[in-house]
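Report on the structure given below.
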Amino acid sequence: MTANGSSALGATVPEEVAFAQEVPRGEPILEVRDLVKHFPLTKGILLKKQVGAVKAVDGVTFDLMQGETLGIVGESGCGKSTLAKVLMNLEPATAGSVRYKGQEISRLSGAALKAVRRNIQMVFQDPYTSLNPRMTVGDIIGEPYEIHPEVAPRGDRRKAVQDLLDVVGLNPEYINRYPHQFSGGQRQRIGIARGLALKPEVIICDEPVSALDVSVQAQVINLLEQLQSEFELSYMFIAHDLSIVRHISDRVGVMYLGKMVEIGTDAEIYDHATHPYTQALLSAVPVPDPTARESRDRIVLTGDVPSPANPPSGCRFRTRCWKAQDRCAAEVPLLAAPFWLGGAARHDSACHFAAEREVGQSAAEREVGQSAAEREVGQSAAEREAGKAGSGAD
Amino acid sequence: MADLTNSSRSRGGEPRTDAVEVIGGGRENLVPGTPLLEVDDLHVEFVTRDGVAKAVNGVSYSVSAGETLAVLGESGSGKSVTAQAIMGILDMPPGRITAGRILYRGEDLLTMGSRARRAVRGQKIAMIFQDALSALNPVLSVGYQLGEMFQVHHGVSRKEAREKAVELMDRVRIPAARQRVGDYPHQFSGGMRQRIMIAMALSLEPDLIIADEPTTALDVTVQAQVMDLLAELQHEFHMGLILITHDLGVVADVADTIAVMYAGRIVETAPVRELYARPAHPYTRGLLDSIPRLDQKGQNLHAIKGLPPSLLRIPQGCAFNPRCDRVQDRCLTELPPLVPVVAADGAELPGRRSACHFWRETLDG
Numbered sequence: 001m002t003a004n005g006s007s008a009l010g011a012t013v014p015e016e017v018a019f020a021q022e023v024p025r026g027e028p029i030l031e032v033r034d035l036v037k038h039f040p041l042t043k044g045i046l047l048k049k050q051v052g053a054v055k056a057v058d059g060v061t062f063d064l065m066q067g068e069t070l071g072i073v074g075e076s077g078c079g080k081s082t083l084a085k086v087l088m089n090l091e092p093a094t095a096g097s098v099r100y101k102g103q104e105i106s107r108l109s110g111a112a113l114k115a116v117r118r119n120i121q122m123v124f125q126d127p128y129t130s131l132n133p134r135m136t137v138g139d140i141i142g143e144p145y146e147i148h149p150e151v152a153p154r155g156d157r158r159k160a161v162q163d164l165l166d167v168v169g170l171n172p173e174y175i176n177r178y179p180h181q182f183s184g185g186q187r188q189r190i191g192i193a194r195g196l197a198l199k200p201e202v203i204i205c206d207e208p209v210s211a212l213d214v215s216v217q218a219q220v221i222n223l224l225e226q227l228q229s230e231f232e233l234s235y236m237f238i239a240h241d242l243s244i245v246r247h248i249s250d251r252v253g254v255m256y257l258g259k260m261v262e263i264g265t266d267a268e269i270y271d272h273a274t275h276p277y278t279q280a281l282l283s284a285v286p287v288p289d290p291t292a293r294e295s296r297d298r299i300v301l302t303g304d305v306p307s308p309a310n311p312p313s314g315c316r317f318r319t320r321c322w323k324a325q326d327r328c329a330a331e332v333p334l335l336a337a338p339f340w341l342g343g344a345a346r347h348d349s350a351c352h353f354a355a356e357r358e359v360g361q362s363a364a365e366r367e368v369g370q371s372a373a374e375r376e377v378g379q380s381a382a383e384r385e386a387g388k389a390g391s392g393a394d
Numbered sequence: 001m002a003d004l005t006n007s008s009r010s011r012g013g014e015p016r017t018d019a020v021e022v023i024g025g026g027r028e029n030l031v032p033g034t035p036l037l038e039v040d041d042l043h044v045e046f047v048t049r050d051g052v053a054k055a056v057n058g059v060s061y062s063v064s065a066g067e068t069l070a071v072l073g074e075s076g077s078g079k080s081v082t083a084q085a086i087m088g089i090l091d092m093p094p095g096r097i098t099a100g101r102i103l104y105r106g107e108d109l110l111t112m113g114s115r116a117r118r119a120v121r122g123q124k125i126a127m128i129f130q131d132a133l134s135a136l137n138p139v140l141s142v143g144y145q146l147g148e149m150f151q152v153h154h155g156v157s158r159k160e161a162r163e164k165a166v167e168l169m170d171r172v173r174i175p176a177a178r179q180r181v182g183d184y185p186h187q188f189s190g191g192m193r194q195r196i197m198i199a200m201a202l203s204l205e206p207d208l209i210i211a212d213e214p215t216t217a218l219d220v221t222v223q224a225q226v227m228d229l230l231a232e233l234q235h236e237f238h239m240g241l242i243l244i245t246h247d248l249g250v251v252a253d254v255a256d257t258i259a260v261m262y263a264g265r266i267v268e269t270a271p272v273r274e275l276y277a278r279p280a281h282p283y284t285r286g287l288l289d290s291i292p293r294l295d296q297k298g299q300n301l302h303a304i305k306g307l308p309p310s311l312l313r314i315p316q317g318c319a320f321n322p323r324c325d326r327v328q329d330r331c332l333t334e335l336p337p338l339v340p341v342v343a344a345d346g347a348e349l350p351g352r353r354s355a356c357h358f359w360r361e362t363l364d365g
């Protein structure tokens, strides 16, 4: 591979050198800017013409820091799995940029792409379908070495696979067994071992525990955490289970209909959420504590998520939002720290009326609070328009 | 499900109004607290190529009108098989009920004739299935599938049945019910499909609803809507509800009593608050410790070691013994019975039972 390093598009990227550099902890290892993925909707059989697009990911921006776990939460259809695929270059991006260690990777191909993929690996959701049933565990975990022989020379592979099995808590003697001889949790360990085989720096976990039983979920979560500190991995952890995401993540991004609506540290998102969707999502999570049953103040959203092929204008959440105003239909809210909250909330939230929710508020009180927020918004409208002009409307 | 849609095969024949007298009478007899269903020492096994899988090994529980019983367990614990046995939709063979009774208002469903059983199923005990997309017939409109219940059981005309279907869809708050009654299942979203399942279960005004993982396939915001709807309907009609789930969060939100199952047995039953506050079985304790909490961020989760046992080879003694951190010699040989749990001062704790030799120690932490 080193010999082919200068082929095709890779010509501008001396990748072996570039990706070997160390990123200090806390610095961005993966920078995603305005990433867009549209799936075209076509009409006609012979003369296909595009009649629209499913806007699966529509302008997502975030950084993944070295050594951190970034959780991505959202309901089904919000684009979180598509985001993972685009980051892995399994799906080409429609627009936007993904930079790994400062280098653009979203349009790479050939040897350069291969070099990047070695460093960014993925753990899939369903351990029942993501492992080839006709291959032994040894072949499954060792397969990455066929593609990247420089990581483990042929003679050492069996040893390397056995070491990996040991690392993920499986008996190294199981190397010749087939996937069906393992339970779901053990299979997910095999999937994790495969993800670790090439000693990657970034692992994208797409719903790694949602197919597992409760008692086994905890084992896998603990394993992922232990591996992170052992190998200094950066995780992007995609899941719909908010409790698990909070447990494992340092920062959390909330997605809705292809957009990132709020992003911040776990405490900022879970204790001081300012976007109404995040607040509704959090309040809907059943808490395993029956004493909290009556005291919980739930926001039950009405309706369903709109189709990503035809998302609402302006703010995409406005059709289900209790704070929605005319402005939300006209103007796309930008993902930025809401300045009108002053120092109280410094994390980014894409809402014109972003405000923390006061727990225990009754519905009536909430309405009062809302109109107060509006008034406040009215006062500072001019200011904000100025700000908008500066940053350029979406 | 089989039973609800299979009846479509009898289309074209005479409407089947069951002449058999319906046990228990109408819904006006449904007073909160009336005992409805009692499962007594049920044993179910499946004959497989590799041997006999003992899916249910002596399960007993009971539900009263207005009560919500949550049956909590992981996959393979026998919670769904028990429900299928109650509904009479167990695949036999390979399944077989080897012992036990299922009493509905005092009458044993297992020894009842098939006509009498059919009169109970759907009309008195109805079921909501997990995956609404595969539980609904994809080639029949939703309105037809809902109305079919009335055509089959009450012998009403097709037109009336459609009216009833619209009413039901309104009931479960499907917007624009009249316009959507002719739509097919794939045209509805997941949450709406689950509402249709609920509507179907409610259609014949049953006394008891068995909901098998009703919200597992749904997103949290939709899950909240569906659970609220179920709770509201139950409150209105005082139905009994058996909620089968693996989600400790959902259980805490809606249940009155909980039965925790492991390897085909009930290992603990308790009123919901007491179970969460002071579990009396190491498995329950392990489950509660292993879930991350939204409102608490800990360092390391206390995972239960090992895996649930294969039903072909359930460990001797207590089935949980290979994974238990309190295991003693006695646990390896002696099967712990489900015994009442008593407080330290000898006072009885109503509704609390545990199948652990060392429940007292577990209760004290």
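From first to last, the protein sequence lines stand for chains A and B.
Under this note's numbering, the first sequence has 263 at position 263, and the numbering climbs by one with no breaks.
Under this note's numbering, the second sequence has 360 at position 360, and the numbering climbs by one with no breaks.
Note that the Cβ used here is the ideal one computed from N, Cα and C, for glycine as well.
On a predicted model such as this, the values are computed, not experimentally measured, just so you know.
Check	Outcome
How would you call VAL123(B), buried or exposed, if buried means at least 16 neighbouring beta carbons within 10 angstroms?	One detail in the question is off: residue 123(B) reads as Gln in this sequence, not Val. With 16 or more Cβ atoms within 10 Å of its Cβ, GLN123(B) is classed as buried.
Suppose you measure from the CA of HIS180(A) to the CA of ILE190(A); what does that come to, to the nearest Å?	12 Å
When the Cα atoms are used, what is the spatial distance from GLY360(A) to THR291(A)?	Residue placement at GLY360(A) cannot be trusted, given a pLDDT of 45 that sits under 50; the coordinates are not used to answer.
Below 8 Å between beta carbons is the criterion; list the residues of the region 211 to 227 of chain A that meet it against any residue of chain B, in chain order.	ASP213, VAL214, SER215, VAL216, GLN217, ALA218, GLN219, ILE221, ASN222 and GLU225
What does DSSP give as the partner residue(s) for PHE237(A) in the beta ladder?	GLY71(A) and CYS205(A)
Nearest chain B C-beta to VAL285(A) closer than 8 Å, yes or no?	yes
The beta strand (DSSP E) with ALA218(A) in it runs from where to where?	Not the beta strand (DSSP E): ALA218(A) falls in the alpha helix (DSSP H), residues 214 to 231.
Within the 8 Å Cβ cut-off, does PRO312(A) reach chain B?	no
State the Cα-Cα distance for the pair GLN66(A) and ILE248(A), rounded to the nearest angstrom.	15 Å
Chain A beta carbons: is any one of them nearer than 8 Å to that of ASN300(B)?	yes
Could you pull the DSSP bridge partners for MET261(B) from this structure?	ILE266(B)
For ASP228(B), which three-state DSSP category applies?	helix
Got a sec, what are the start and stop residues for the beta strand (DSSP E) ILE196(B) sits in?	Here ILE196(B) belongs to no beta strand (DSSP E); instead the alpha helix (DSSP H) covers 190 to 202.
What did DSSP end up calling ARG366(A) once you bin it into helix, strand or coil?	Confidence in ARG366(A) is poor, its pLDDT being 42 and thus under 50, which makes the residue's placement too unreliable to answer from.
Taking the alpha carbon of SER295(A) as the point to measure from, which residue in SER283(A), PRO306(A) and LYS48(A) has its own alpha carbon closest?	SER283(A)
What residue ranges within the region 257 to 334 of chain A form continuous beta strand (DSSP E) runs of no fewer than 3 residues, ordered along the chain?	259 to 265
Exposed or buried, which one is ARG357(A) when buried takes at least 16 other CB atoms within 10 Å?	buried
Going straight from the alpha carbon of LEU168(B) to that of SER141(B), what length do you get?	14 Å
Per DSSP, THR68(B) forms a beta bridge with which residues?	LEU241(B)
Using only CA atoms, which one of GLU331(A), ASP241(A), HIS347(A) and CYS351(A) lies nearest to CYS321(A)?	CYS351(A)
Excluding the 5 residues flanking PRO311(A) on each side, which residues of the same chain have their C-beta closer than 8 Å to its C-beta?	LYS55, ASP58, LEU257 and GLY258
Can at least three beta-carbon pairs, one atom from the region 161 to 175 of chain B and one from the region 130 to 138 of chain B, be found at a separation below 8 Å?	no
Within the 8 Å Cβ cut-off, does ARG293(B) reach chain A?	yes
Using a beta-carbon distance cut-off of less than 9 Å, what residues from the region 232 to 262 of chain A approach chain B?	HIS240, ASP241, LEU242, SER243, ILE244, VAL245, ARG246, HIS247 and ILE248
Alpha carbon to alpha carbon, how far is SER243(A) from ALA373(A)? Give it in angstroms, no decimals.	Any reading at ALA373(A) is ruled out, since the residue's pLDDT is 42, under 50, leaving its predicted position unreliable.
Closer than 7 Å by C-beta to GLY195(A): which residues in its own chain qualify, once you throw out the five before and the five after it? Chain order, please.	GLN121, MET122, VAL123 and ILE203
With a threshold of 16 other CB atoms inside 10 Å of the CB of ILE45(A), please say whether the residue is buried or exposed.	exposed
Taking beta-carbon pairs under 8 Å, can you tell me which members of the region 68 to 100 of chain A lie near chain B?	GLU75 and SER76
Which one of ALA211(B), GLY286(B), ASP183(B) and LYS54(B) has the shortest CA to CA distance from VAL216(A)?	GLY286(B)
Report the rounded CA-to-CA distance for ALA239(A) versus ALA329(A), giving the unit in angstroms.	29 Å
Using a cut-off of 9 Å between C-beta atoms, extract the partners of SER75(B) located in chain A.	GLY184 and ASP213
Quick one: is HIS347(A) buried, meaning 16 or more other Cβ sit within 10 Å of its Cβ, or exposed?	buried
Using a beta-carbon distance below 8 Å, is SER80(B) in contact with chain A?	no
For LEU241(B), count neighbouring C-beta atoms within 10 Å of its own C-beta (all shown protein chains included) and say buried if the count is 16 or more, exposed if not.	buried
Spatial neighbours of ARG278(B) within its chain, please: C-beta separation below 6 Å, excluding the five flanking residues on both sides.	LEU363
Helix or strand or just coil, what does DSSP make of TYR128(A)?	coil
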